[in-house]
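**Student:** Just dropping this structure here.
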């Protein structure tokens, strides 16, 4: 998505739960569950998801924490990030 490690951790998150899996080949899902989105998702994206039949709820959770380290394969440089939602830090030496 063209994001660096920090941007990826700070990007709006989503969680989908509560739908059933069709077990018979050719059958379709009868319930869509709930799609929980953080408030950073653009309104036009939320509207399109709803138009496509998703039940959408804007919420603060449930989402886990994020700390990450990425090594650039070309340069060997490491970059670390810690998300803005929780306490944490990325430290190198």
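In the working numbering, the protein residues as written are 341 to 433.
Glycine residues also receive a C-beta, built at the ideal position from the N, C-alpha and C atoms.
Quick caveat: nothing in here was measured; it's all calculated off a predicted structure.
(1) State the start and end residues of the unbroken beta strand (DSSP E) segment that holds residue 385.
(2) Contact defined as beta carbons within less than 8 Å: I believe residue 377 pairs with residue 352. What is the distance between those atoms, to the nearest angstrom?
(3) Is the distance from the Cβ of residue 372 to the Cβ of residue 408 below 8 Å?
(4) Could you give the residue range of the alpha helix (DSSP H) that holds residue 396?
(5) Which of the three DSSP states, helix, strand or coil, is assigned to residue 361?
**Tutor:** In brief:
(1) Residue 385 -> not in any beta strand (DSSP E); alpha helix (DSSP H) instead, spanning 383-391.
(2) 7 Å
(3) no
(4) Secondary structure note for residue 396: it is in no alpha helix (DSSP H), and the uninterrupted beta strand (DSSP E) holding it is 396-398.
(5) coil
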